[in-house]
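A.B. asks:
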Amino acid sequence: MKTELKQILQQVSGIDGVPSGAYSFRINGISELHNNSENTEIVKKLDRAGIDVVVKANTKGELIHIPTLIDESGLDDLVYNDFFIGENSEVHIIAGCGIHNDGLHATQHSGIHTFYVGKNAKVKYEEKHYGQGTGTGNKIISPQTVIHLAEGSTLEIDSAQIDGVDYTKRLTKATIGDNASLITKEVILTTKSQTAYTDFHIELDGQNSSASIVSRSVAKGQSKQFFYSVINGNNKCQGHSACDAIIMDHATVKAVPDVTANHVDAQLIHEAAIGKIAGNQITKLMSLGLSYEEAEQEIVAAFLR
Amino acid sequence: MLEIKNLSFQVENDTPQQKEILNNINLSISAGSFVAITGPNGSGKSTLAKIIMGIEKPTAGQIFFEGKDITNTSIDERAKAGIGFAFQQPVHFKGMRVIDLLSLAAGHKLVVEEACNYLSQVGLCAINYIYRELDNSLSGGELKRIEIAMLVARNVNLYIFDEPEAGIDLWSFQNLIQVFKNLIAKNNGIVIVISHQERILEIADRVIVIEEGQIVQDGSSKEVIPNLMFGLDSCHFYGRRVSF
Chain A
238 MKTELKQILQ
248 QVSGIDGVPS
258 GAYSFRINGI
268 SELHNNSENT
278 EIVKKLDRAG
288 IDVVVKANTK
298 GELIHIPTLI
308 DESGLDDLVY
318 NDFFIGENSE
328 VHIIAGCGIH
338 NDGLHATQHS
348 GIHTFYVGKN
358 AKVKYEEKHY
368 GQGTGTGNKI
378 ISPQTVIHLA
388 EGSTLEIDSA
398 QIDGVDYTKR
408 LTKATIGDNA
418 SLITKEVILT
428 TKSQTAYTDF
438 HIELDGQNSS
448 ASIVSRSVAK
458 GQSKQFFYSV
468 INGNNKCQGH
478 SACDAIIMDH
488 ATVKAVPDVT
498 ANHVDAQLIH
508 EAAIGKIAGN
518 QITKLMSLGL
528 SYEEAEQEIV
538 AAFLR
Chain B
363 MLEIKNLSFQ
373 VENDTPQQKE
383 ILNNINLSIS
393 AGSFVAITGP
403 NGSGKSTLAK
413 IIMGIEKPTA
423 GQIFFEGKDI
433 TNTSIDERAK
443 AGIGFAFQQP
453 VHFKGMRVID
463 LLSLAAGHKL
473 VVEEACNYLS
483 QVGLCAINYI
493 YRELDNSLSG
503 GELKRIEIAM
513 LVARNVNLYI
523 FDEPEAGIDL
533 WSFQNLIQVF
543 KNLIAKNNGI
553 VIVISHQERI
563 LEIADRVIVI
573 EEGQIVQDGS
583 SKEVIPNLMF
593 GLDSCHFYGR
603 RVSF
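Here the protein sequences line up with chains A and B, keeping their order. Residues 238 to 542 (the working numbering) are what the first sequence spells out, left to right. Residues 363 to 606 (the working numbering) are what the second sequence spells out, left to right.
1. Just verifying my parser: in three-state terms, what is the DSSP assignment at residue 605(B)?
2. Would residue 525(B) be called buried (16 or more neighbouring beta carbons within 10 Å of its own) or exposed?
3. Which one or two residues does DSSP pair with residue 536(B) in a beta bridge?
4. So the candidates are 319(A), 300(A), 332(A) and 289(A); which of them puts its Cα closest to the Cα of residue 306(A)?
5. With DSSP as the reference, label residue 494(A) as helix, strand or coil.
6. Please look up how many angstroms separate the CB atoms of residue 293(A) and residue 323(A), rounded, as I've assumed it's under 8 Å.
7. If contacts are defined as beta-carbon pairs under 8 Å, then residue 432(A) and residue 461(A) qualify, I think. What distance do you get, rounded to the angstrom?
8. Looking only at its chain, what residues have a beta carbon closer than 6 Å to the beta carbon of residue 315(A), apart from the 5 residues adjacent to it on each side?
9. Quick one: what's got a C-beta closer than 8 Å to residue 536(B)'s C-beta in the same chain, skipping five residues either side?
10. Secondary structure at residue 516(A), three-state DSSP: helix, strand or coil?
11. Skipping 5 residues on each side, what residues in its chain have a beta carbon closer than 6 Å to that of residue 527(A)?
12. So, is the C-beta of residue 462(A) closer than 9 Å to a C-beta in chain B?
13. Can you give me the start and stop residues for the beta strand (DSSP E) that residue 456(A) sits inside?
14. In the DSSP assignment, what residue or residues form a beta bridge with residue 390(B)?
15. When the Cα of residue 325(A) is compared with those of 304(A), 358(A) and 297(A), which residue comes out closest?
16. Mind listing, in chain order, the continuous beta strand (DSSP E) runs of no fewer than 3 residues lying wholly within the region 446-514 of chain B?
17. Is any heavy atom of the ligand ATP found at a distance shorter than 8 Å from the C-beta of residue 489(A)?
18. Evaluate the contact criterion for the region 503-510 of chain A versus the region 468-487 of chain A: three or more CB pairs, one atom per stretch, below 8 Å.
19. Determine which residues share a DSSP beta bridge with residue 328(A) and list them.
20. Using CA coordinates, which residue listed in 541(B), 493(B) and 405(B) is at the minimum distance from residue 577(B)?
21. Could you pull the DSSP bridge partners for residue 508(A) from this structure?
22. Can you name the residues that DSSP bridges to residue 259(A)?
23. Can you name the residues of chain B whose CB is closer than 7 Å to the CB of residue 305(A)?
24. Excluding sequence positions up to five away, which residues of its chain have a Cβ less than 8 Å from the Cβ of residue 534(B)?
25. Scan the region 519-591 of chain B and note each continuous beta strand (DSSP E) run of 3 residues or more that stays entirely inside, going in chain order.
26. Going by beta carbon distance, what residues of the same chain come within less than 6 Å of residue 492(B), once the five residues before and after it are set aside?
27. Should the region 464-471 of chain B be regarded as contacting the region 363-383 of chain B, the criterion being three or more beta carbon pairs within less than 8 Å?
28. Looking at residue 522(B): is its Cβ nearer than 9 Å to the Cβ of residue 447(B)?
29. Taking only runs of the beta strand (DSSP E) that begin and end inside the region 402-441 of chain B, which ones reach a length of at least 3 residues, in chain order?
30. Anyone know if the C-beta pair for residue 344(A) and residue 311(A) falls short of 9 Å?
31. Identify each residue in the region 466-482 of chain B for which the Cβ-Cβ distance to at least one residue of chain A is less than 8 Å, and report them in chain order.
32. Along the chain, where does the alpha helix (DSSP H) containing residue 537(A) start, and where does it finish?
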């Protein structure tokens, strides 16, 4: 694997090469480096680009890597990945997309991921997005995540756009069954003239279903961020969304909450807070010996942890 | 040694006159001493502490620390020169954990045992706190103790505590007094505590009373405390004895 690909693999997945267990690498628009495990089968789709990840029922402690790596400037990659998680399984999936662009052309990856999480299954899904390279071509990552949570299941999503992504439009749609839970935490950093849209549509259909949508973001330079969150409580359920943003320089941050209760026992909360770094936070860290710039860096890094 | 010469601080207000918060303060505090500064609310105590830390700039006068004029130095320069400050109102940090802040205070990445040492000195069980974020999930008393622990973690020669007893219960109050004694012993440092708490005033080597921006009393605790308790009428400062 080329050095640039290794670098972005490390950034998005925390690994230096091919891991153990089940995995599937997508490199420059081609699915390669597959491996199945005893309980997880990864199958290339025949009708379109993408894979099916099939986890057997009652699988425990399974770790699956599915990184996407691109260093071919100008590539426009669209992929459909479907996840079928068997009943009572406990699975940890590390996805993520890294783009290295040294060229003039925009490089784009759009991953459409659909989760079918079986009864009482528990899934943790990590997705990091990262861009680097010396070229002037934009690095664009626009994922769509479609989630179907069966009774008693849980999906926990940690997503992070850590650096270097010029444009992102991410959409997450979920239907949540009885006693099922969706927990998402997204972290977004935009700098320069980057733009990030993030959009959640959550249907709390099941009795005692719940959703927690937490977004923490920092907008620097002249970047723009837009956070939309729609939660519909259609049964006895709990929904919570929180957008917490630090705005710096000449950036723009917009947060649009939308909660609708269609059931008398739906409990829905939305919180949105946008503001610059508090002066007393800077003062406190300076009183510990940090310069103004060091204090700012520490506050931003911790906020985006 | 901390020396404050002819220090004044004025702020603009709605009237044509400027409001004088501190008026010609002169003070000299030698190494190895424990000084309590007390006085009514709004008398200028916290402003004086903030001016020593560099958070506020005086409108007149000079500050010398260990022989150097620090009047025009920044907060971080003073921190590096050996001045530490525990805020009256602890600051919230989203995402920043107790161990992160203690590490910044100590100047190096702390291992759990070190963080535990600092937290136990302020009566907190480290395992319950080190990975907690300094946000609204912590009570005012917990935040206050962590604020004190941060100053304990610093290796400085001048420790300033602005009303550290607020939110501290009786049990940890004993620890707090021990913390002050340890800090003085550590580097033969100076501990300045702004406090209304009689027991802190009693153990201080020196008690300074500020009223309306001026030092009105300065002496040993034995000399000053009787005046606070009995010399003032009930409408005035410390007309009521506080006992524990």
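Glycine included, C-beta positions come from ideal geometry on N, C-alpha and C.
C.D. replies: Answer, in terms of the structure:
1. Per-residue confidence for residue 605(B) stands at a pLDDT of 44, beneath the threshold of 50, marking its modelled position as unreliable; the derived number appears in the next sentence. Residue 605(B): coil per DSSP, three-state reduction.
2. When all chains shown are included, residue 525(B) counts as buried.
3. According to DSSP, which records beta bridges pairwise, residue 536(B) is partnered with nothing at all.
4. 332(A)
5. strand
6. 5 Å
7. 5 Å
8. 347
9. none
10. helix
11. If we look at residue 527(A) and ignore the five residues flanking it on each side, it has no Cβ neighbours.
12. For residue 462(A), the answer is no, since every Cβ of chain B falls outside 9 Å of its Cβ.
13. 446-456
14. 365(B)
15. 358(A)
16. 455-459
17. For the structure depicted, the ligand ATP is absent and the ligand set is empty, with no information on it obtainable.
18. Enough Cβ pairs lie closer than 8 Å, so yes.
19. 299(A) and 360(A)
20. 405(B)
21. Beta-bridge pairing links residue 508(A) to 479(A).
22. 301(A)
23. Taking a Cβ-Cβ threshold of 7 Å, none of the residues of chain B is close to residue 305(A); the smallest such distance is about 27 Å.
24. 484, 485 and 507
25. 520-524, 552-556, 568-573 and 576-581
26. The answer, listed in chain order, is 460, 461 and 477.
27. no
28. yes
29. 422-427
30. Taking 9 Å as the cut-off, the beta carbon of residue 344(A) is found closer than this to the beta carbon of residue 311(A).
31. 466, 467 and 469
32. For residue 537(A), the enclosing alpha helix (DSSP H) begins and ends at 529-540.
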